[in-house]
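Asker: Each residue of the sequence shown is one higher than the one before, starting from 1106 at the first, in the working numbering.
Think of the CB as a built atom: it goes at the ideal place given N, C-alpha and C, for glycine as much as any other residue.
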Amino acid sequence: MSHKNQIALIVLLVFLILLLMLSMYFCCFRYKGRDSVNDLLEENKRLTSEKNRLAKRYNELLVGHKELINLFIGEKRKSLTSSRETIDTMITCIGVSLDNEMNAMDEDQGIDHDPVRIVENIMNYLVRTGNYIDQLLQASGVIITAFESKVKDEFARQLTLPMISETVGENIVNTRNTRGFLDPVLNRLRAFLLIHPQLRYQPQPQPQPQPQPQPQPQPQMQDAQVNVGGQNNGMVA
């Protein structure tokens, strides 16, 4: 066999080995994970349909909430306007009544008063009260306008939630398309660990140091003397 034939045979063997590895790769990972990918696609469709249904319902509730707030604002404006009209009517009635009373008092004998000045003072007080109420109404109008602007901004912010959910769905699809061939293995490993939590790594508790015993005091022996008849008879240990 010539040298060229040997090289060709080696190249052919390498090619066959690569082809065998490629076929093993497709058999072990791609085809086995195809069912799980199809399940994920079906789940993604179901979640997308549910998301669209919830977004539609959310928009309906949002519109109803906005109409309710606008109705409340309109009723508040009507109440303020009616209050101002009632106050104007009260001022007019009080002024007419005071004018009539002062005219009646002017016809009496022996009463010294200035009915015109009294009526003017009272009317000035009522006018100042009306001006103060006008200021309150203007401030209330400013508050209502600010509240309307805030409500509009809030609705505009909340209406972007369906678009955000669409972006999240696209990210899920992109993540699914770029998933590696080791994902099925990792998912099965996670599921196995969830079923068997005792296999998870748990740090061993550190041993607590044992307390050292305290040294006990040793008894000391002392010499004792025994006296018999006042004489020292010896040492007894």
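Below 8 Å CB to CB, which residues in the same chain sit around aspartate 1193 once its five sequence neighbours on both sides are set aside?
Answerer: Gly1235
Asker: Output the distance between the C-alpha atoms of alanine 1160 and asparagine 1143, rounded to the nearest integer angstrom.
Answerer: 25 Å
Asker: One question on the structure: do isoleucine 1227 and isoleucine 1199 come within less than 9 Å of each other, judged by their Cβ atoms?
Answerer: Yes, the pair counts as a contact, with Cβ atoms nearer than the cut-off.
Asker: DSSP three-state label for leucine 1114, please.
Answerer: helix
Asker: When the Cα atoms are used, what is the spatial distance from arginine 1162 to leucine 1176?
Answerer: 21 Å
Asker: Taking 9 Å as the cut-off, decide whether the C-beta atoms of serine 1245 and lysine 1181 are in contact.
Answerer: yes
Asker: Would you call the CB atoms of leucine 1231 and isoleucine 1196 closer than 9 Å?
Answerer: yes
Asker: Roughly how many angstroms lie between the CA atoms of phenylalanine 1343 and arginine 1151, to the nearest whole one?
Answerer: Residue 1343 lies beyond the residue range present for the chain, which begins at 1106 and ends at 1342; the question has no answer from this structure.
Asker: Express the C-alpha separation of leucine 1114 and leucine 1124 in angstroms, rounding to a whole number.
Answerer: 15 Å
Asker: When the distance is taken between beta carbons, is serine 1188 closer than 9 Å to leucine 1242?
Answerer: In this structure, serine 1188 lies closer than 9 Å to leucine 1242 by Cβ.
Asker: Could you tell me the distance, in whole angstroms, from the CA atom of glutamate 1165 to the CA atom of arginine 1158?
Answerer: 11 Å
Asker: Note down the Cα distance separating histidine 1154 from leucine 1127, rounded to an integer number of angstroms.
Answerer: The question names histidine, but residue 1154 is serine in the sequence shown. When rounded, the separation of the alpha-carbon atoms in serine 1154 and leucine 1127 is 38 Å.
Asker: Going by beta carbon distance, what residues of the same chain come within less than 7 Å of arginine 1222, once the five residues before and after it are set aside?
Answerer: none
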